[in-house]
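Here's the structure we're looking at; comments come further down.
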Amino acid sequence: MRINPHTKPKKKVAIFLGAGASAADGAPIQSNIFRDYFNSLKRRKPSKEHEHELVAFFKKMFDIDVLYKNLDNINFPTFEEALGILDLADLKNEAFKELSNINLEVNSGRIKFLRLYLLFLMADIINEKLQKPDTLHRVLVNNLSKDQLDQTTFLTTNYDILCDNALYYLNRFETNYKKVDYGVEFIDYRNGTFERPNDNSIKLLKLHGSLNWLHCPVCNNLHITPNEKGVYRMMTNLDSMRCENCQGVYSPIIIPPTFYKDMSKVYLGQVWNVAEAELLNTNHLIFCGYSFPDADIHIKYLIKRIQKNRNPKNELKVTIINNHDDKEQSIKDEEKNRYQRFLGKNINYTDLSFKDFANNPLQII
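Numbering that gives the first Met the number 0 applies: residue 0 is where the sequence shown begins, and numbers increase by one.
As structure tokens, this is what we get:
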């Protein structure tokens with residue numbers, strides 16, 4: 000096929016979706032997760048084992064009686080702090096009074112259970128908050144031209160399935176629809192319940208795992224629950240969350256937002272390898288709703304690698320879109336400084352919100 004020499008080639012774009020992008024669609028921000036969850040729990044009354052355990056955990060560890068206090072005035076720990084102390088105790092094989100790790104007493108392994116229960120908490124509140132069908136993620140995907148969508152890779156540290164569902168929804172109306180490529184192998188490809196991607200698939204790389212990914216620790220398979228948060232179903236119907244091969248109970252594939260990230264899962268290693276390869280060939284990296292936090296040193300390492308190890312002829316353009324109406328100027332200045340300190344002064348730090356970008360992405364691209 001003859002190529003018109005005057006046709007400008009499409010640039011490869013990577014869109015990195017952070018927590019702010021999900022918050023624009025109604026997801027709880029990290030600082031409000033506990034307040035939102037326990038306000039909801041107070042209304043419906045705790046009935047499940049993990050709900051009672053979480054109530055006791057906050058009473059014992061943070062002196063917060065979540066069922067009786069006015070939670071609007073409570074200074075909760077961050078999700079990172081609550082999960083971080085459990086992660087570190089598990090890593091050091093230490094314990095707290097009444098919160099054992101591994102011993103011969105009753106409640107042995109309670110720290111591991113509480114860690115799982117905090118993930119259930121997050122899945123629960125995300126499920127409650129994200130109920131609307133029309134989302135900015137869907138607007139963004141729809142407003143990317145078909146040619147540009149072919150040249151776009153989506154990356155995210157979010158566990159929700161907003162971007163997944165936006166891509167699934169778009170594909171419902173395409174004659175030659177694009178499959179979603181997560182950069183990892185699912186058992187569902189082999190049993191035919193989820194279509195295997197091909198070379199033309201749209202890449203969605205979830206660097207910290209996902210609420211619709213489940214891992215069987217017995218036969219080491221990875222299962223996907225399309226259009227559904229499988230981790231949430233584990234809370235409500237555990238018997239339905241068994242591996243079809245060995246009947247082992249699935250476990251979540253989620254890397255929490257703490258400094259002590261366990262990146263040893265082989266599946267996540269595959270995703271990160273694909274992400275690095277994609278980013279090395281990317282011309283324009285667009286961060287949406289991502290504040291470049293200090294705890295995400297693994298992300299910073301990845302970005303620094305693709306910034307410094309790329310072909311010198313393929314210069315990387317970086318744009319940051321992370322504004323919202325209530326954002327204070329001091330927060331903007333601090334965030335811009337974090338990006339510039341790490342990536343250089345030539346970044347394009349905009350005053351656009353994720354909604355602005357979703358409504359007109361090609362203006363930025």
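For every residue, glycine included, the Cβ atom is placed at its ideal position computed from N, Cα and C.
Measure the C-alpha to C-alpha separation of His297 and Pro132 and round it to an integer number of angstroms.
-> 33 angstroms
According to DSSP, what are the bridge partners of Leu213?
-> His222, Pro251
Give a yes or no on contact between the stretch 187–202 and the stretch 51–69, applying the rule of three or more CB pairs nearer than 8 angstroms.
-> no
Below 8 angstroms between beta carbons: does that hold for Ile223 and Asn211?
-> yes
Would DSSP call Arg241 helix, strand or coil?
-> strand
Considering only C-alpha positions, which residue in the set Lys178, Phe153, Phe185 is nearest to Leu206?
-> Phe153
Report yes if the C-beta distance between Asn164 and Asn226 is below 8 angstroms; otherwise report no.
-> yes
Rounded separation between Thr174 and Ser144 - CA only | Any reading at Thr174 must be qualified, since the residue scores a pLDDT of 49, below 50, and its modelled position is unreliable; no value is offered.
Applying the criterion that 16 or more other CB atoms from any shown protein chain within 10 Å of the CB defines a buried residue, is Pro255 buried or exposed?
-> buried
Across which residues does DSSP place Cys287 in a beta bridge pair?
-> Leu16, Ile320
If you pair each beta-carbon of the stretch 22–37 with each one of the stretch 325–337, do three or more pairs fall below 8 angstroms?
-> no
Please report how far the alpha carbon of Phe356 lies from the alpha carbon of Ser99, in whole angstroms.
-> 48 angstroms
With a CB to CB cut of under 6 angstroms and the five nearest residues on each side skipped, what residues in its chain are close to Arg114?
-> Leu85
Kindly indicate which residue of Lys307, Lys59, Ile253 has the alpha-carbon position closest to the one of Asn157.
-> Ile253
Give the DSSP bridge partners of Tyr348, in chain order.
-> Ile319
Terminal residues of the continuous beta strand (DSSP E) containing Lys205?
-> 201–205
Taking just the CA atoms, how far does Phe185 sit from Phe78?
-> 29 angstroms
Is the number of C-beta pairs between the stretch 19–29 and the stretch 52–72 that are closer than 8 angstroms three or more?
-> no
Rank Phe37, Leu82, Lys10, Leu139 by C-alpha distance to the C-alpha of Asn358 and give the top, closest one.
-> Leu139
Please list, in chain order, all residues of the same chain as Asp89 whose beta carbon is under 6 angstroms from its beta carbon, the five residues on each side excluded.
-> Ile110
Measure the C-alpha to C-alpha separation of Thr155 and Leu315 and round it to an integer number of angstroms.
-> 19 angstroms
Assign Asp159 to one of two classes, buried (16 or more other C-beta atoms within 10 Å of its C-beta) or exposed (fewer than that).
-> buried
Thr151 bridges to which residues according to DSSP?
-> Val12
Residue range of the alpha helix (DSSP H) that Leu365 falls in?
-> Given that the chain is displayed from residue 0 to residue 364, the structure contains no residue 365 and the question cannot be resolved.
Whole angstroms is fine: what's the gap from Asn72's alpha carbon to Cys242's?
-> 43 angstroms
May I have the straight-line CA-CA distance separating Pro76 from Phe291, to the nearest angstrom?
-> 20 angstroms
How many Å lie between Lys10 and Asn308 at the Cα?
-> 19 angstroms
Mind checking Phe15: buried by the 16 CB within 10 Å criterion, or exposed?
-> buried
If I'm right that Met240 touches Leu221 with Cβ under 8 angstroms, what's the distance once you round it to whole angstroms?
-> Not quite, the Cβ-Cβ distance comes to about 13 angstroms (not below 8 angstroms), so this is no contact.
Are Gly182 and Val273 closer than 8 angstroms when you measure CB to CB?
-> yes
Provide the residue(s) that pair with Gly208 in DSSP beta bridges, ordered along the chain.
-> Ile253
Secondary structure at Phe95, three-state DSSP: helix, strand or coil?
-> strand
Which residues in the same chain have their Cβ closer than 7 angstroms to the Cβ of Pro216, if we skip the five residues on either side of it in sequence?
-> Gly247, Ser250
Just the C-alpha distance for Tyr167 and Gly191, rounded to the nearest angstrom, thanks.
-> 17 angstroms
Is it buried or exposed for His323, if we count other Cβ within 10 angstroms and need 16 for buried?
-> exposed
Hey, Asn142 and Pro360 are a contact pair by Cβ (cut 8 angstroms); roughly how many whole angstroms apart?
-> 5 angstroms
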